[in-house]
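Comments concern the structure below.
Protein chains: 2
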Amino acid sequence: MAGISLNEDPNHYLMSRRHNDLTAEELMEWVDQYADTQVNELILNVNAMRAGYDSGVWESFWEGYDPEGGSDQPFFAAVAPEARERQRQWVHRGWQLHRDGLDRYAIWIDRCRERGISPWVTMRMNDVHSVDNEGDPMHSTFWQQNPQFRRAPYKFDDWVDKAFDYGRKEVRDYHFRLIEEAAERYDFDGLELDWMRFGFHFRPGFEEEGIAILTEFTADVRKLLDSWEAKRGHRIKLSARVPSRPQTARGLGMDAVEWARRGLIDMLVITPFWATIETDMPVELWKQLLHGTDVELAAGLEVLVRAYPESALRQMNTLETVRGAASSLLSRGADRIYLFNYMDSDTAMADLENYPALLREAGSLETMSGKTRRHIVTYSDTWAPGEASGALLPAACGPGRYRSFRLHAGPKPDGGDVFVLLGAAPASEGTAGAGRENATRGTADRENAGADATGFAPGAGDKGSAGFGDVLLNGHACVYEGVADIAKPRPEGPVHRFRVPAGAAHAGFNLIEARPDAPQTIIWVELAVEFR
Amino acid sequence: MAGISLNEDPNHYLMSRRHNDLTAEELMEWVDQYADTQVNELILNVNAMRAGYDSGVWESFWEGYDPEGGSDQPFFAAVAPEARERQRQWVHRGWQLHRDGLDRYAIWIDRCRERGISPWVTMRMNDVHSVDNEGDPMHSTFWQQNPQFRRAPYKFDDWVDKAFDYGRKEVRDYHFRLIEEAAERYDFDGLELDWMRFGFHFRPGFEEEGIAILTEFTADVRKLLDSWEAKRGHRIKLSARVPSRPQTARGLGMDAVEWARRGLIDMLVITPFWATIETDMPVELWKQLLHGTDVELAAGLEVLVRAYPESALRQMNTLETVRGAASSLLSRGADRIYLFNYMDSDTAMADLENYPALLREAGSLETMSGKTRRHIVTYSDTWAPGEASGALLPAACGPGRYRSFRLHAGPKPDGGDVFVLLGAAPASEGTAGAGRENATRGTADRENAGADATGFAPGAGDKGSAGFGDVLLNGHACVYEGVADIAKPRPEGPVHRFRVPAGAAHAGFNLIEARPDAPQTIIWVELAVEFR
Chain D
1 MAGISLNEDP
11 NHYLMSRRHN
21 DLTAEELMEW
31 VDQYADTQVN
41 ELILNVNAMR
51 AGYDSGVWES
61 FWEGYDPEGG
71 SDQPFFAAVA
81 PEARERQRQW
91 VHRGWQLHRD
101 GLDRYAIWID
111 RCRERGISPW
121 VTMRMNDVHS
131 VDNEGDPMHS
141 TFWQQNPQFR
151 RAPYKFDDWV
161 DKAFDYGRKE
171 VRDYHFRLIE
181 EAAERYDFDG
191 LELDWMRFGF
201 HFRPGFEEEG
211 IAILTEFTAD
221 VRKLLDSWEA
231 KRGHRIKLSA
241 RVPSRPQTAR
251 GLGMDAVEWA
261 RRGLIDMLVI
271 TPFWATIETD
281 MPVELWKQLL
291 HGTDVELAAG
301 LEVLVRAYPE
311 SALRQMNTLE
321 TVRGAASSLL
331 SRGADRIYLF
341 NYMDSDTAMA
351 DLENYPALLR
361 EAGSLETMSG
371 KTRRHIVTYS
381 DTWAPGEASG
391 ALLPAACGPG
401 RYRSFRLHAG
411 PKPDGGDVFV
421 LLGAAPASEG
431 TAGAGRENAT
441 RGTADRENAG
451 ADATGFAPGA
461 GDKGSAGFGD
471 VLLNGHACVY
481 EGVADIAKPR
491 PEGPVHRFRV
501 PAGAAHAGFN
511 LIEARPDAPQ
521 TIIWVELAVE
531 FR
Chain U
1 MAGISLNEDP
11 NHYLMSRRHN
21 DLTAEELMEW
31 VDQYADTQVN
41 ELILNVNAMR
51 AGYDSGVWES
61 FWEGYDPEGG
71 SDQPFFAAVA
81 PEARERQRQW
91 VHRGWQLHRD
101 GLDRYAIWID
111 RCRERGISPW
121 VTMRMNDVHS
131 VDNEGDPMHS
141 TFWQQNPQFR
151 RAPYKFDDWV
161 DKAFDYGRKE
171 VRDYHFRLIE
181 EAAERYDFDG
191 LELDWMRFGF
201 HFRPGFEEEG
211 IAILTEFTAD
221 VRKLLDSWEA
231 KRGHRIKLSA
241 RVPSRPQTAR
251 GLGMDAVEWA
261 RRGLIDMLVI
271 TPFWATIETD
281 MPVELWKQLL
291 HGTDVELAAG
301 LEVLVRAYPE
311 SALRQMNTLE
321 TVRGAASSLL
331 SRGADRIYLF
341 NYMDSDTAMA
351 DLENYPALLR
361 EAGSLETMSG
371 KTRRHIVTYS
381 DTWAPGEASG
391 ALLPAACGPG
401 RYRSFRLHAG
411 PKPDGGDVFV
421 LLGAAPASEG
431 TAGAGRENAT
441 RGTADRENAG
451 ADATGFAPGA
461 GDKGSAGFGD
471 VLLNGHACVY
481 EGVADIAKPR
491 PEGPVHRFRV
501 PAGAAHAGFN
511 LIEARPDAPQ
521 TIIWVELAVE
531 FR
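Residue numbers (our numbering), protein chains in the order written: chain D, 1 to 532; chain U, 1 to 532.
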């Protein structure tokens, strides 16, 4: 079985348990929910810009916090008044654990071993949450006082413009010190360098120069772990989180293939950044690149799911959409499913009642077999500076020409009912005006279908297929079944369902083709495999 | 020295020499122009849908042609009347060579050896030129009479919809027979399988299933060549032309990495299809994939150069733009520069007077060093069915935010003057209306600059930079120098020149950033390195 690696972020636990003092027992209970599941590794995140433990080399989240000072104390002065008390509460929880001598990471690591889970520590290598607010108490004074160490001091279009420049030795040393300390303080099975929080580590235009720098940094960390292996008496693995596509990873200074070939890493996590789960990561390509090494490839799943970059929706994945992504990625050769932001509350899947099932299914094709799964077209949310980016959706379709969408559906969906689900943008002035006849038909359709106040309508054109015209899967005609009432995640507006004829769907990549009768902008493409 | 491979298509020679009977001497002279240049291999193309020689297994271009019948004979009935005589002339030239017992490929191969050039033969594996005209005499009767062997019989949006489906054994056997015949007939140093004419070989949705099929086909060809090596007494190499990016190649059924690792191929040509030279092919990624094999990687250059897919321009490359692409691709690790459609006339570079220089320069960084070169942003013109495609241009820029463009500039441009060249689309109603103040300033600029009848203007906004605002190279501010009068290729409308400060440009990837003052759609991005 491939299994699951699960990432726990540095303050979710404090935030979700902020209202009551915590005990060692409660800390252990957090681990216990992952015991006897498919979770092989708990990947415990010890930092953002500050440390989640009482560090001697970095500030902790509660350094400077006065537990008696309330939410109006100077520590929170830069925080918006309405957000202060909530922030104070989780900072206080970190402070309370420290006061009570409870090192949550040490306790979690011990408990993991007792319950048969491999404990890992992960470090965010360049976290820039909330850097629009320079005075936020989440930030380190090192970052605040050294704007000259930032990667793009001449602009601020995005948080990552204020990220550290790893081209600076001071920056590398600053981060290496926390790694040294964590390695001394915690007896973990493995250390992950999380280069995807937030993914941009060099001055714009200096990413290629950065390749050697990050490789050398990784080698230094490997050397450090080597020295600890003797003292701990066990192997200490090293992993890295990098962008989903090798050319983008390299374009951001991360030559993960070189790390693997030099024997520096044991596991590699490929992942989008945050905006959406990436359902079509090139696993086969990575496996070819890692061929001849012992490196395990973990497919990283984020919790959000969006169909296209401009989408205003912020929907979370569900058990069914994770099954879709995980069964695809595992069948493409991934050695592990890695869950990021799939925590036990707050930042979590939409149908949290299915969390126990997720932990017991998503790590194996066998346990997902015969269960309903949803394969959704999403996109890659991370690109190197100046790299050409692309996304399948939204897809503006001219009438009478086929438009194609590729979806990898994992194993052959034997015994399931297979459906193509499509959504289109509401007809705009531009599309409705493409032909008087079509516009008229569109109006009639809208009336028939009783379009709601959002303005979304089944679309202009052939009533027999809601304007999508011929819809094919692998060349086989699919049959329109009307508007489908599907659970979230779902697109803006109605979803139209087309039944795929038996046997037409196959393992691996399937191709959906649609030939709208009138101009359409498709914004949702899904292949659903339903078992009843 | 890396050197050059040069592809000669199946009818360019006949077309360009169509007016007079040809002799063996003239055939040899064609080879001689490539002797004592950097051309290592002449890659002689023997077919499209018909063979360029008197084949016993396929029709030749002149089979069915009556040399006495003029252009109104039945053979040309399906050709547009105004095109008949020209087509008759080149078909006649093929017929004449055959009549006179001149097998051009045999003569060329012998002459190549005499002049120190390695002779190769290349086969187009799925040529679909002009298939909108089913009766064109270029087509084979096998193709005409077997529509059931085509990959997408249900549609015709593009020529490739009518390409053969290699999922059919009949199709594979039909092509293999020509390979067998060519291997018996010609004593070549190497055979190239040109999977990029036209790149689509399977039913839509069956590309992944095709991977094993093409790998087996390649293995069969390798076995055939093995058997001929003993008879010829020398090594016979095998090569393949595939799309520029590994995941797209695989998405089209071409697992070139597997071919390399199984020892089936000796050379791999990565290339765009046709619409433009691709200046940013991921050479490093391919080299990592080919690591541990002996396969040489050739970077394929097409002759057209376009900045974005929708561009209506059809400009050819020049010595300077080839220097840009070739010096970049060689410095990224390509083992060879492969020229496709760079022939000695007709289908040729724009400045054909520089052809001799091209053949003596483009295969080596040394010979291009210290010479003016142009690095132009282009795009990838080939994507697998349903794959997300992307292009850097056109780039619609909102005001006040940086937009980034990556260009790999090859070796550090020491001693040269470096310029960023930018072009923008003419202000449309949409962009001009983005703000009254900007619109007014835009009008003033247009008057000052004396915009020509095309409607192109320097752009709205800051007069000091033609509306492009701050223009940076690797974070260094560049200085606006006005509209540049550059040679073709150039964009629609004016080109604006920005001087890069000394030392700001470096080897490898350089990043251009622009922050327009008003909405702009950038359609041309170039880094020019000029030596005087």
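Don't be surprised by glycine CBs; every beta carbon is placed ideally from N, CA and C.
Nearest-angstrom Cβ-Cβ length linking glutamate 481 of chain U and histidine 375 of chain U, presumed shorter than 8 Å: Going by Cβ atoms, the distance from glutamate 481 of chain U to histidine 375 of chain U rounds to 18 Å, so no, they are not a contact pair.
Cβ-based neighbour list, threonine 248 of chain D, same chain, cut-off 7 Å, excluding 5 preceding and 5 following: Thr382, Trp383, Ala384, Glu387
Beta carbon proximity, tyrosine 402 of chain D to chain U, threshold 8 Å: yes
Alpha-carbon spacing of tyrosine 402 of chain U relative to alanine 466 of chain U, whole angstroms: 16 Å
Whole-Å CB distance - aspartate 32 of chain U paired with arginine 115 of chain U, under 8 Å assumed: 6 Å
Alpha-carbon to alpha-carbon, serine 55 of chain D and glutamate 170 of chain D: 18 Å
Residues from the region 196-212 of chain D in contact with chain U, defined by Cβ distance under 8 Å: Taking a C-beta cut-off of 8 Å against chain U, the contacting residues of the region 196-212 of chain D are Arg203, Pro204, Gly205, Phe206, Glu207, Glu208, Glu209, listed in chain order.
Among D:Thr279, D:Leu285, D:Leu359, D:Tyr308, the one whose alpha carbon lies nearest that of alanine 325 of chain D: D:Thr279
Beta strand (DSSP E) runs contained entirely in the region 344-368 of chain D, provided each spans 3 or more residues: Given a length threshold of 3 residues, the region 344-368 of chain D has no whole run of the beta strand (DSSP E) inside it.
Cβ-based neighbour list, glycine 69 of chain U, same chain, cut-off 8 Å, excluding 5 preceding and 5 following: Phe75
Near-chain U residues of the region 370-386 of chain D - C-beta to any C-beta below 9 Å: Answer in chain order: Val377, Tyr379, Ser380, Trp383, Ala384, Pro385, Gly386.
Which listed residue (U:Glu320, U:Asp127, U:Val221, U:Gly333) has its alpha carbon closest to that of lysine 488 of chain U: U:Glu320
Contact the region 193-211 of chain D vs the region 468-483 of chain U: 3+ CB pairs below 8 Å: Flag = yes, the region 193-211 of chain D and the region 468-483 of chain U touch.
Chain D contact residues for leucine 278 of chain U, given Cβ-Cβ distances below 9 Å: Here the sequence assigns glutamate to residue 278 of chain U, which means leucine is not the residue at that position. Under the 9 Å cutoff, chain D gives no residues; its nearest Cβ is about 11 Å from glutamate 278 of chain U.
Beta-bridge pairing of arginine 336 of chain U - partner residues as DSSP gives them: U:Ala298
Simplified DSSP assignment, three categories, for tyrosine 480 of chain U: strand
Anticipated Cβ contact below 8 Å, glycine 398 of chain U with phenylalanine 340 of chain U, distance rounded: In fact, because the Cβ distance is near 39 Å, the residues do not count as touching under 8 Å.
Interface flag, glutamate 229 of chain U vs chain D, CB-CB below 8 Å: For glutamate 229 of chain U, the answer is no, since every Cβ of chain D falls outside 8 Å of its Cβ.
Interface positions of the region 133-156 of chain D facing chain U (Cβ-Cβ less than 8 Å), listed along the chain: Within the region 133-156 of chain D, the residues whose Cβ lies closer than 8 Å to some Cβ of chain U are Ala152, Tyr154, Lys155, listed in chain order.
Alpha-carbon to alpha-carbon, valine 39 of chain U and aspartate 517 of chain D: 52 Å
Beta-carbon gap between aspartate 266 of chain D and valine 295 of chain D smaller than 8 Å: yes
Three CB pairs or more closer than 8 Å across the region 209-226 of chain U and the region 161-168 of chain U: Flag = yes, the region 209-226 of chain U and the region 161-168 of chain U touch.
Contact set for asparagine 448 of chain D: own chain, Cβ-Cβ below 6 Å, skip 5 residues either direction: Bear in mind that a pLDDT of 35 at asparagine 448 of chain D, under 50, signals an unreliable position, so the number given afterwards is only what the model happens to contain. Cβ neighbours of asparagine 448 of chain D beyond the five flanking positions: none.
Within chain U, partners of glutamine 247 of chain D - CB distance below 7 Å: Pro282, Leu285
Distance cut-off 7 Å: aspartate 158 of chain U Cβ against heavy atoms of the ligand GTP: Among the ligands in the structure shown, none appear at all, so the ligand GTP cannot be discussed.
Buried versus exposed call for serine 227 of chain U [16 or more other C-beta atoms within 10 Å across all chains shown]: exposed
Min CB distance glycine 116 of chain U to chain D below 8 Å: The beta carbon of glycine 116 of chain U does not come within 8 Å of any beta carbon belonging to chain D, so the residue lies off that interface.
Sequence-distant residues of the same chain with beta carbon closer than 6 Å to threonine 122 of chain D, five excluded per side: Ile43, Asn45, Glu192, Asp194
Threonine 215 of chain D: first and last residue of the uninterrupted alpha helix (DSSP H) it sits in: 207-232
Alpha-carbon spacing of glycine 455 of chain D relative to arginine 373 of chain D, whole angstroms: Bear in mind that the predicted position of glycine 455 of chain D carries a pLDDT of just 39, short of 50, making it too unreliable to give a figure here.
Where the region 162-173 of chain D meets chain U: residues whose CB sits under 7 Å from a CB there: none
Partners in chain D for alanine 391 of chain U, counting only beta-carbon separations shorter than 7 Å: Identification of chain D residues near alanine 391 of chain U by a Cβ-Cβ cut-off of 7 Å yields Ala388, ordered along the chain.
Interfacial residues, the region 505-518 of chain U to chain D, with Cβ spacing under 8 Å: Those residues of the region 505-518 of chain U that come within reach of chain D (Cβ to Cβ, closer than 8 Å) are His506, Gly508, Phe509, Asn510, Leu511, Ile512, Glu513, Arg515.
Within chain D, the residues that phenylalanine 405 of chain U reaches when beta carbons sit closer than 7 Å: Those within 7 Å of phenylalanine 405 of chain U in chain D are Gly386.
Span separating the alpha-carbon of proline 309 of chain U from that of threonine 378 of chain U: Roughly 9 Å between the two C-alpha positions.
Backbone secondary structure at valine 257 of chain U - three-state DSSP: helix
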